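Residue numbers (my numbering), protein chains in the order written: chain A, 3 to 356; chain B, 30 to 383.
C-beta atoms are modelled at their ideal positions from N, C-alpha and C, and glycine is treated no differently.
Since the model is a prediction, treat every value here as computed from it, not as a measurement.
These notes concern the structure reproduced below.
Structure below.
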């Protein structure tokens, strides 16, 4: 039996040495939810597998770095593969076969486009602050650290990190997504001067509930004083399509206030903000990619000149109202305020808790 | 904004005028109710005996009176048997004792009789945990920590949002104590001085599910002795869906001797339970979480014996492996506060699930 297997391996390795080459992919696009059957044309495809027993097995096909859930070897010039769910970007298509050929794989760049609304197949995770180390006032330096932990027992695909900019510990090899291994902690930090965006939207498969995440901003020059501040990681259900109230915002020259407003790049492109007796219309800057939220920042919380003395001088409520966009599209927003002490640079947050 | 609020008042005033002019209705009285208790799921047929029950409020015009209220909720249905007998069906309600009241078009019964709801909290109420909720407590180095809760209506809702458990407003005789809700309106927000403490470390509050989308709140802990230095620490307000039978994970917990870590674990059921705490995957302690005392008072375990100088820790809370079957586990929630031993600055590490 063992001899027969060895002979078979020998036979197939010598008989099928042609390297796979992909020439075209049809169709060239499909929905983000996956499930599109794609024909991969080329040469040198085989279903020989020197590590399999019996020594046959369909090749492996990747869309970007996501494995196709189902692959059928049809002929040496045709493979059929079903697309996995994937965020809407252009991806390469690659074929791997363990038939003994060298290198045994081929990659066709920009061969397939995932199209449609990313939110139909994925849930966003907003990291409201995801920045390289930035110097602040009085010699301070603020460092963002994100940690992820998969508490489930199966891997979770995680889209949106940029390996050229993000340091991941332990390292992962894929470029646009990675599988979070069960019971494994990952620490994400950004290279200095690498990114000019403030926040980041990552995507996980819709309905996934097995990740824990932690996001902290620490002031490293005064590390002895505190363990940084916890910034919430924001889920889809935390976004509001109507209004947000931020309570108990201090009115005190000792503190500076920074309100950051985030949207999911849809609906209205402005937000109405009111506090004290002022109201503002704040434009939201849309993200350049699906991995950047729409964003606005408000730092001027000075009361109106004509403000009558209010009955509570020491704190105020900030209200945000999210109008519906063109075509009555809802405009989900989330916002929070950081309160920073001008002297100690100590930060605390005010988040909408509903 | 005034119009919708004013309208029912005008209507009521007009009706009162008409009714008192045309209907010779004496104010209703209640002498007995039977049974005097029933399940929180509602549906109990309660016979109310008294005098002066009247369905009239206007000649030839039935306005749906008499009305019967169980606490703040109107009876699911009312059948008027005679001027001395009503049969009312209980609504779903929080477990506890509340007052039953009968209202004719003109006047309400002066006397309320108690009715007790037994059983679990029905799904028409949403539970929120306030993880710290105490009168000012003295900390190390002359510090004094004060908890401040604020809540208000967000969005366009005109009807009040009712919050159970934080407020005892017993102007006259108080049948129900904590069972009396605070009525948040567009004009009236909940401020720290409206809050009643009962000497317990934490609190569950309940909001009717229909009101939740308009409820917004903020919980902060201040070190009053150092008011100038910082604006306190934001504490999470924990929706019941954050409680889990699965693993709770807190990432990046420091083991630096400059900080002290305090882990708090919260239990909603009326039996004590045991949870396993692991640090970096190794079981570190078994923690007994006491039973909840009532629906408003969670059982709280406090653990602070963390190792030092072992680098950043991943702290997980799980129910022991012997409770493998999810049916035998109970949802818990936990978080860690990290306090600087010198400055007493606090920050939180919370386990959110994504």
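My understanding is that residue 85 of chain A touches residue 65 of chain A, with C-beta atoms under 8 Å, so please give their C-beta distance in whole angstroms. Here residue 85 of chain A corresponds to residue number 83 of the first chain, with the count starting at 1. Here residue 65 of chain A corresponds to residue number 63 of the first chain, with the count starting at 1. Sure, about 6 Å apart at Cβ, within 8 Å.
Coarse secondary structure for residue 270 of chain B, derived from DSSP in three states: Counting from 1 along the second chain, the entry for residue 270 of chain B is found at position 241. Three-state result, residue 270 of chain B: helix.
Mind checking the region 227 to 245 of chain A against chain B and listing, in chain order, the residues whose C-beta falls within less than 8 Å of any C-beta there? 227, 228, 229, 230, 231, 232, 234, 235, 237, 244 and 245
For residue 159 of chain B, the three-state DSSP class (helix, strand or coil): Numbered from its first residue, the second chain carries residue 159 of chain B at position 130. DSSP places residue 159 of chain B in strand when its eight states are reduced to three.
When you check each C-beta in the region 364 to 379 of chain B against every C-beta of chain A, which residues fall closer than 7 Å? 367, 369, 372, 374, 376, 377, 378 and 379
Skipping 5 residues on each side, what residues in its chain have a beta carbon closer than 6 Å to that of residue 31 of chain A? Position 29 of the first chain, counted from the start, is the residue given in the question as residue 31 of chain A. Excluding positions up to five away in sequence, the list reads 115 and 117.
Taking just the CA atoms, how far does residue 213 of chain B sit from residue 327 of chain A? As a first step, residue 327 of chain A is located in the first chain; it is residue number 325 there, counting from the start. As a first step, residue 213 of chain B is located in the second chain; it is residue number 184 there, counting from the start. Between residue 327 of chain A and residue 213 of chain B, the C-alpha separation is close to 30 Å.
Determine, for residue 262 of chain A, whether the minimum Cβ-Cβ distance to residues of chain B falls below 8 Å. Sequence index remark: in the first chain, residue 262 of chain A carries index 260 (1-based). It does not; no Cβ of chain B falls within 8 Å.
Whose C-alpha, out of A:257, A:267 and A:323, is nearest the C-alpha of residue 283 of chain A? Reading the first chain from its first residue, position 281 is the one you call residue 283 of chain A. Considering only alpha carbons, the answer is A:323.
Looking at the unbroken beta strand (DSSP E) that takes in residue 272 of chain A, where does it start and where does it end? Residue 272 of chain A sits at position 270 when you count from the first residue of the first chain. 272 to 277 is the span of the beta strand (DSSP E), which, as asked, contains residue 272 of chain A.
Looking at the secondary structure, which residues open and close the beta strand (DSSP E) in which residue 42 of chain A lies? Taking the first residue of the first chain as 1, we reach residue 42 of chain A at position 40. Residue 42 of chain A -> beta strand (DSSP E) spans 39 to 45.
Less than 8 Å separating the beta-carbons of residue 147 of chain B and residue 61 of chain B? On the second chain, position 118 is the one that residue 147 of chain B refers to. On the second chain, position 32 is the one that residue 61 of chain B refers to. Not a contact, by the Cβ cut-off of 8 Å.
Hey, does residue 57 of chain A have any beta-carbon neighbour from chain B nearer than 8 Å? As a position in the first chain, residue 57 of chain A is number 55, starting the count at 1. Answer no: the Cβ-Cβ gap between residue 57 of chain A and chain B never drops below 8 Å.
Which residue comes first and which comes last in the beta strand (DSSP E) that contains residue 121 of chain A? Translated into positions along the first chain, residue 121 of chain A becomes position 119. It is not in any beta strand (DSSP E) - residue 121 of chain A carries neither H nor E in the DSSP assignment.
With DSSP run on the structure shown, which of helix, strand or coil describes residue 51 of chain B? Position 22 of the second chain holds residue 51 of chain B. Its pLDDT being 47, under 50, residue 51 of chain B is placed unreliably in this model, and the value from its coordinates should be taken loosely. Note: residue 51 of chain B maps to helix in three-state DSSP.
Let me see if you follow: with CB-CB separation under 8 Å, is residue 202 of chain A close to chain B or not? Here residue 202 of chain A is taken as the residue at index 200 of the first chain, counted from 1. Answer no: the Cβ-Cβ gap between residue 202 of chain A and chain B never drops below 8 Å.
Go to residue 151 of chain A, then tell me how far its beta strand (DSSP E) extends in each direction, as first and last residue. Residue numbering aside, residue 151 of chain A sits at position 149 when the first chain is read from its first letter. Residues 143 to 152.
Would you verify that the beta carbon of residue 262 of chain B is, or is not, closer than 8 Å to some beta carbon of chain A? Along the second chain, read from residue 1 onward, the residue named residue 262 of chain B stands at position 233. Yes, because at least one Cβ of chain A sits closer than 8 Å to the Cβ of residue 262 of chain B.
Which of helix, strand or coil DSSP assigns to residue 94 of chain B: The count along the second chain starts at 1 and reaches residue 94 of chain B at position 65. Residue 94 of chain B: coil per DSSP, three-state reduction.
Output the distance between the C-alpha atoms of residue 24 of chain A and residue 42 of chain A, rounded to the nearest integer angstrom. Position 22 of the first chain, counted from the first residue, corresponds to residue 24 of chain A. Position 40 of the first chain, counted from the first residue, corresponds to residue 42 of chain A. Looking at the two C-alpha atoms, the distance is approximately 7 Å.
Output, in chain order, the set of chain A residues within a Cβ distance shorter than 7 Å of residue 245 of chain B. As a working note, residue 245 of chain B is residue 216 in the second chain. Under the 7 Å cutoff, chain A gives 247, 249, 354, 355 and 356.
Of all the options B:217, B:228, B:193 and B:307, which has the alpha carbon lying nearest to the alpha carbon of residue 241 of chain B? Taking the first residue of the second chain as 1, we reach residue 241 of chain B at position 212. Looking at the Cα atoms, B:193 is the closest of the given residues.
Residues of chain A with a CB under 7 Å from the CB of residue 280 of chain B: which are they? For the purposes of this step, residue 280 of chain B is taken as the residue at position 251 of the second chain. Correct list: 149, 151, 187, 214 and 216.
Can you pull the chain B neighbours of residue 334 of chain A, defined as C-beta to C-beta under 9 Å? By 1-based counting over the first chain, the position of residue 334 of chain A is 332. Those do not exist, as residue 334 of chain A stays about 14 Å from chain B at its closest Cβ, beyond 9 Å.
Helix, strand or coil: how does DSSP classify residue 222 of chain B here? Position 193 of the second chain, counting from 1, holds the residue named residue 222 of chain B. DSSP places residue 222 of chain B in helix when its eight states are reduced to three.
Neighbour list for residue 208 of chain A in chain B, Cβ cutoff strictly below 7 Å: Position 206 of the first chain, counted from the first residue, corresponds to residue 208 of chain A. Simply none; closest approach about 12 Å.
Report the rounded CA-to-CA distance for residue 220 of chain A versus residue 285 of chain B, giving the unit in angstroms. Within the first chain, residue 220 of chain A is the residue found at index 218, counting from 1. Within the second chain, residue 285 of chain B is the residue found at index 256, counting from 1. Taking the straight line joining both Cα atoms gives about 14 Å.
Output the distance between the C-alpha atoms of residue 175 of chain B and residue 167 of chain B, rounded to the nearest integer angstrom. Indexing the second chain from 1 puts residue 175 of chain B at position 146. Indexing the second chain from 1 puts residue 167 of chain B at position 138. Approximately 9 Å between the Cα atoms of the pair.
Cβ shell of residue 257 of chain A (< 8 Å), same chain only, five flanking positions each side left out: As a first step, residue 257 of chain A is located in the first chain; it is residue number 255 there, counting from the start. Result list for residue 257 of chain A: 341, 342, 343 and 344, in chain order.
Name, please, each residue of chain B whose Cβ falls closer than 8 Å to the Cβ of residue 257 of chain A. Here residue 257 of chain A is taken as the residue at index 255 of the first chain, counted from 1. Going along chain B in sequence order, the residues near residue 257 of chain A (Cβ under 8 Å) are 260.
Sorted by chain position, which residues of the same chain lie with C-beta nearer than 7 Å to residue 26 of chain B's C-beta, five sequence neighbours on each side aside? Residue 26 of chain B falls outside the range modelled here, since chain B spans only 30 to 383, and no answer is possible.
Helix, strand or coil: which one does DSSP assign to residue 178 of chain B? Locating residue 178 of chain B in the second chain gives position 149, counting from the first residue. Here residue 178 of chain B sits in strand by DSSP.
State whether the region 244 to 262 of chain A contacts the region 156 to 172 of chain A, with contact taken as three or more CB pairs (one from each stretch) at a distance under 8 Å. no
Sufficient close CB pairs (3 or more, under 8 Å) joining the region 43 to 58 of chain A to the region 127 to 143 of chain A: no
Mind listing the chain B neighbours of residue 252 of chain A? Cutoff is C-beta to C-beta under 9 Å, in chain order. On the first chain, position 250 is the one that residue 252 of chain A refers to. Near residue 252 of chain A (Cβ distances below 9 Å), the residues of chain B are 260.
Which listed residue (B:163, B:332 and B:292) has its alpha carbon closest to that of residue 229 of chain B: Taking the first residue of the second chain as position 1, residue 229 of chain B is located at position 200. Comparing Cα positions, the closest option is B:163.
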